[in-house]
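*Asks:* Encoded as structure tokens, here's the structure I'll be asking about.
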Amino acid sequence: MSSLIFTLKEATRQRIDCSPLTPNKLADKSLADIAKTQLMTGNLSERADALFIITEGDSESIEFKGSNSKLDFIGHNMTQGKISVDGDVGAYFGIFMEGGELSVKGDSSIYTGCEMKGGQIKVNGDAGDFIGGARPGRRNGMTGGTVIVSGNAGSRTGDHMRRGMILIEGNAGDYCGSRMISGTIAVLGDCGSHLGYAMKRGTILLNQMPSRGITANFNDCGAHTLGYLSLLFSSFKKLDSIFSRIDNFSRVQRYAGDLAGIGMGEILVKI
Amino acid sequence: MIINGVTIDETFAEAFPMKATRLIITAHNAKWAMISAQAFTGFATSVIACGCEAGIERQLDGSETPDGRPGVSILIFAMGGKGLAKQVETRSGQCVLTSPTSALFSGLESEKNMPLGQNLRYFGDGFQISKMIGGKRYWRIPVMDGEFLAQEKTGVTAAVGGGNFLVLAESQGQALAACEAAIEEMKKIPNVIMPFPGGVVRSGSKVGSKYKALNASTNDAFCPTLKGQTSSDLPAEVESVMEIVIDGLAKEDIDKAMKVGIQAVCKLGSKHGIRRISAGNYGGKLGPFHFHLQEIMK
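In the order they appear, the protein sequences are chains D and H. This note's numbering puts the first residue of the first sequence at 7, with every later residue one more than the last. This note's numbering puts the first residue of the second sequence at 131, with every later residue one more than the last.
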């Protein structure tokens, strides 16, 4: 059976909260019921069919067409199935996600994978700030799953991240891995300033030394061959990402920090 | 039943339920993986005094191991899950953690799990690092040669221990040669180990003893030097008896191993002094798994 398709009728002035449109929330609903689903746009509540042309299909596989950066909360609390987006998406793409696959052809805005627990998010363009982060005032960011960004990432990638993986194929912005509690961030490109700022534990794996260097609150622990990296690279093999094709390496320069805190985090730079 | 001049006794081997796990030890090269595996499986011939029965299942090349390095798969059997967990923990800590370049992984997926690196991690004194990779947790424990990598848990499965057969030969040398030929073939069967030295045991036991402190004692019915002193089960021409004990993850695995082992012995046949194949049992009262020799060799 083909996918259930939501085609945006026209670019709206207000943002649209798409959180009700996930496979788990639409499971077993008829097309009429789906059309009646109320979506918040600005301060109004609109029927889904007032905003989207809905093409009947299997709700386990949902497509958004004509999407733009005003469509927020796509994949909210998603536990199963697949959502693919043709275009850009707004904020909170995959927030609280627990399972399934989420992908966007274009860019995603801030808080992609915010507090997600499982599943996989693929952003084929650039992603905004706070990928895998915690909502303001919250202490735990993502606790599982994988976020892949084919383009560049904004600032504060993995802020308060607790578990899971964030893979950046392009460059990462400032404060990458800030306040990170654990988990893994890997970056193939360059990183901005203040890498690993206030990082507690976790790993930032870099394919190259950042052009701005490593800050003074990370201590050089020397060059090492780390066996666990071969396992990590093996786990990348199944991913739809450049990470599945890069040559494995296990020889890295290890920096421990942030020494202004407990200093149990690490930045590993390929050598 | 007679195969190539060798009589297959109408008897059965009696085996017991056990708990088991498979571990994979890898290292910088095959030599050091084997050294670590041999240390782990040392003094693990019988649960009677060793706490577990363990052996090397086979060598693995890099394509078969989680970290892409040469490795060895080992099987460990114990009478219960708690005993098994204790043996795995102490042996991992003393024989794998200590072995240069080693890493330790689970080789068995199961619904029930027990700690592997879960407690070894404390050796890291707070510097240990946890990593979740592919849904499994691993511990990176800093050690003097770099990092010791250990998977947090390993699966536990119900298994069978104590499958066996006896080789009755005209001389010690012929019994040994036949057992060596059997072990060579049996090593090719997956999911089984032959835990005794070189896979062969020369001191088969019976239940009980004239001495109160002992639960088991020599199997006098199969001791050739006692033929005139006890109720012997040996004909005049048999001068040496050796036993092969098999532990397996399932009864079918032991069936296969026994079959290829007995076939290898029978291939040598009476021309090489092999007279009979028999098996050890306790009258069927102790173990629920019975391996009838003639049925296996049909």
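Note that beta-carbon positions come from the ideal geometry of N, C-alpha and C, so glycine has one too. Quantities reported herein were computed from a predicted structural model and do not represent experimental measurements.
(1) Give the residues of chain D in contact with Asp197/H, contact being defined as C-beta atoms less than 7 Å apart.
(2) Might you give, ordered along the chain, the residues of its own chain that have their beta carbon closer than 6 Å to the beta carbon of Gln259/D, omitting 5 neighbours on each side?
(3) Let me know the secondary structure DSSP gives Asp39/D once reduced to three states.
(4) Taking Arg185/D as the reference, give the member of Gly219/D, Asn213/D, Asn146/D with the closest Cα.
(5) Just the C-alpha distance for Ile138/H and Ile404/H, rounded to the nearest angstrom, thanks.
(6) Straight-line CA distance for Gly378/H to Ala184/H?
(7) Mark Ser115/D as exposed unless 16 or more other C-beta atoms lie within 10 angstroms of its C-beta, in which case mark it buried.
(8) Let me make sure I understand the geometry here. Which of Ala41/D, Glu121/D, Gly112/D, Met122/D has the alpha-carbon closest to that of Asn158/D?
(9) Does the distance from the C-beta atom of Asn225/D to that of Ala266/D stay below 7 Å?
(10) List the residues of chain D whose Cβ lies closer than 8 Å to the Cβ of Ala233/H, in chain order.
(11) Verify the CB distance criterion: does Ser241/D have a CB-CB separation below 7 Å to chain H?
(12) Using a Cβ cut-off of 8 Å, pull out every chain H residue sitting near Arg169/D, in sequence order please.
(13) Count the other CB atoms within 10 Å of the CB of Arg221/H; is the residue buried (16 or more) or exposed (fewer)?
(14) So, with DSSP's three-state summary, where would you put Phe419/H?
(15) Give the range of the beta strand (DSSP E) segment to which Asp160/H is assigned.
(16) Can you name, in chain order, every residue of its own chain whose Cβ lies under 7 Å from the Cβ of Thr209/D, other than the five neighbours on each side?
(17) List, in chain order, every chain D residue whose beta-carbon is nearer than 8 Å to that of Tyr252/H.
(18) Our contact map puts Ile186/H next to Ile204/H with C-beta atoms below 8 Å; I'd like the distance itself, whole angstroms only.
(19) Helix, strand or coil, according to DSSP, for Asp377/H in the structure here?
(20) Across which residues does DSSP place Met438/H in a beta bridge pair?
(21) Can you have a look at Ile268/D and say buried or exposed, based on whether 16 or more other CB atoms are within 10 angstroms of its CB?
(22) At least one CB of chain D closer than 7 Å to the CB of Glu367/H: is that the case?
(23) Applying a beta-carbon distance threshold of less than 9 Å, which residues of chain D neighbour Arg270/H?
(24) On a CA-only basis, which of Gln424/H, Ala380/H, Ile132/H is nearest Met148/H? Give me that one, please.
(25) Could you tell me the boundaries of the beta strand (DSSP E) in which Val337/H lies?
(26) Looking at the structure shown, is Gly170/D part of a helix, part of a strand, or coil, going by DSSP?
(27) With a threshold of 7 Å between beta-carbons, can Leu153/H be considered close to chain D, or not?
(28) How would you call Gln304/H, buried or exposed, if buried means at least 16 neighbouring beta carbons within 10 angstroms?
(29) Please decide whether Leu246/H counts as near chain D, where near means a Cβ-Cβ distance under 7 Å.
(30) For the 8 Å Cβ check, are there 3 or more pairs between the segment 278-285 of chain H and the segment 352-360 of chain H?
(31) Within its chain, find whatever has a CB closer than 7 Å to the CB of Ser260/H; leave out the 5 residues flanking it on each side and keep chain order.
(32) Near Asp64/D, what residues of its chain come up, given a Cβ to Cβ distance below 8 Å and the 5 sequence neighbours on each side ignored?
(33) Based on Cα-Cα distance, which residue from Tyr98/D, Thr85/D, Ile60/D lies nearest to Arg21/D?
(34) For Lys128/D, I'd like the list of residues in its chain whose CB is within less than 6 Å of its CB, leaving aside the five on either flank, ordered along the chain.
(35) Taking the beta carbon of Ala343/H as the centre, do at least 16 other beta carbons fall within 10 Å, making it buried, or is it exposed?
(36) Suppose you measure from the CA of Ala33/D to the CA of Cys24/D; what does that come to, to the nearest Å?
*Replies:* So, from the data block:
(1) Taking the first residue of the second sequence as position 1, residue 197/H is located at position 67. Those are Gly233, Ser236, Leu237, listed as they occur along chain D.
(2) What you label residue 259/D is simply residue 253 of the first sequence in a count that begins at 1. Only Ala229, Val275, Ile277 meet the Cβ criterion.
(3) On the first sequence, residue 39/D is found 33 positions in, with the first residue counted as 1. Helix, per DSSP.
(4) Translated into positions along the first sequence, residue 185/D becomes position 179. When only C-alpha atoms are compared, the closest one is Asn146/D.
(5) For the purposes of this step, residue 138/H is taken as the residue at position 8 of the second sequence. For the purposes of this step, residue 404/H is taken as the residue at position 274 of the second sequence. Near 11 Å, if we compare the C-alpha coordinates of Ile404/H and Ile138/H.
(6) Within the second sequence, the letter at position 248 stands for residue 378/H. Within the second sequence, the letter at position 54 stands for residue 184/H. If I take the Cα positions, the gap works out to 11 Å.
(7) Along the first sequence, one-based indexing puts residue 115/D at 109. By the 10 Å Cβ count, Ser115/D comes out buried.
(8) Here residue 158/D refers to the residue found at position 152 when the first sequence is read from its first residue. Among Ala41/D, Glu121/D, Gly112/D, Met122/D, the Cα nearest to that of Asn158/D is on Gly112/D.
(9) Walking along the first sequence from the start, residue 225/D turns up at place 219. Walking along the first sequence from the start, residue 266/D turns up at place 260. No, the pair does not count as a contact, with Cβ atoms beyond the cut-off.
(10) Sequence index remark: in the second sequence, residue 233/H carries index 103 (1-based). Here the neighbours are Gly233.
(11) If you number the first sequence from 1, residue 241/D lands on position 235. With 7 Å as the cut-off, Ser241/D counts as an interface residue toward chain H.
(12) Start at 1 with the first residue of the first sequence, and residue 169/D comes out as number 163. Within chain H, the residues Met262 have their CB atoms less than 8 Å from the CB of Arg169/D, given in chain order.
(13) Residue mapping note: residue 221/H aligns to position 91 of the second sequence, counting from 1. Label assigned to Arg221/H: buried.
(14) Looking up residue 419/H in the second sequence gives position 289. If DSSP states are grouped into helix, strand and coil, Phe419/H belongs with the strands.
(15) Counting from 1 along the second sequence, the entry for residue 160/H is found at position 30. Asp is not the amino acid found at residue 160/H; the sequence shown has Ala there. That residue, Ala160/H, is in no beta strand (DSSP E); its alpha helix (DSSP H) goes 160-170.
(16) Within the first sequence, the letter at position 203 stands for residue 209/D. Closer than 7 Å at the Cβ level, and outside the excluded window around Thr209/D, lie Thr190, Glu272, Leu274.
(17) Locating residue 252/H in the second sequence gives position 122, counting from the first residue. Here the premise fails: no neighbours, minimum Cβ distance about 15 Å.
(18) Numbered from its first residue, the second sequence carries residue 186/H at position 56. Numbered from its first residue, the second sequence carries residue 204/H at position 74. About 5 Å separates the two Cβ atoms, so the contact holds.
(19) In the second sequence, counting from the first residue as 1, residue 377/H sits at position 247. Residue state, collapsed to three classes: strand.
(20) With chain H represented from 131 up to 428, any question about residue 438/H goes unanswered, as that position is not in the structure.
(21) Stepping through the first sequence from its first residue, residue 268/D is reached at position 262. The residue in question, Ile268/D, is exposed, as its Cβ has fewer than 16 Cβ neighbours within 10 Å.
(22) For the purposes of this step, residue 367/H is taken as the residue at position 237 of the second sequence. So no, Glu367/H is outside the interface.
(23) Stepping through the second sequence from its first residue, residue 270/H is reached at position 140. The contacting residues are Leu232, Gly233, Tyr234.
(24) Within the second sequence, numbered from 1, the residue matching residue 148/H stands at position 18. When only C-alpha atoms are compared, the closest one is Ala380/H.
(25) As a working mapping, residue 337/H is identified with position 207 in the second sequence. Its beta strand (DSSP E) spans residues 335-337.
(26) Residue numbering aside, residue 170/D sits at position 164 when the first sequence is read from its first letter. Residue state, collapsed to three classes: strand.
(27) Translated into positions along the second sequence, residue 153/H becomes position 23. Not one chain D Cβ lies under 7 Å of Leu153/H.
(28) The count along the second sequence starts at 1 and reaches residue 304/H at position 174. Burial call: buried.
(29) Position 116 of the second sequence, counted from the start, is the residue given in the question as residue 246/H. False, the Cβ-Cβ gap to chain D never drops below 7 Å.
(30) no
(31) As a position in the second sequence, residue 260/H is number 130, starting the count at 1. Cβ within range, chain order: Arg267, Trp269.
(32) Translated into positions along the first sequence, residue 64/D becomes position 58. Result list for Asp64/D: Met7, Ser8, Ser9, Leu10, in chain order.
(33) The count along the first sequence starts at 1 and reaches residue 21/D at position 15. For the residues Tyr98/D, Thr85/D, Ile60/D, the minimum Cα distance to Arg21/D belongs to Tyr98/D.
(34) Counting from 1 along the first sequence, the entry for residue 128/D is found at position 122. Excluding positions up to five away in sequence, the list reads Ser109, Ile154.
(35) Along the second sequence, one-based indexing puts residue 343/H at 213. So Ala343/H ends up on the exposed side.
(36) One-based indexing of the first sequence puts residue 33/D at position 27. One-based indexing of the first sequence puts residue 24/D at position 18. If I take the Cα positions, the gap works out to 16 Å.
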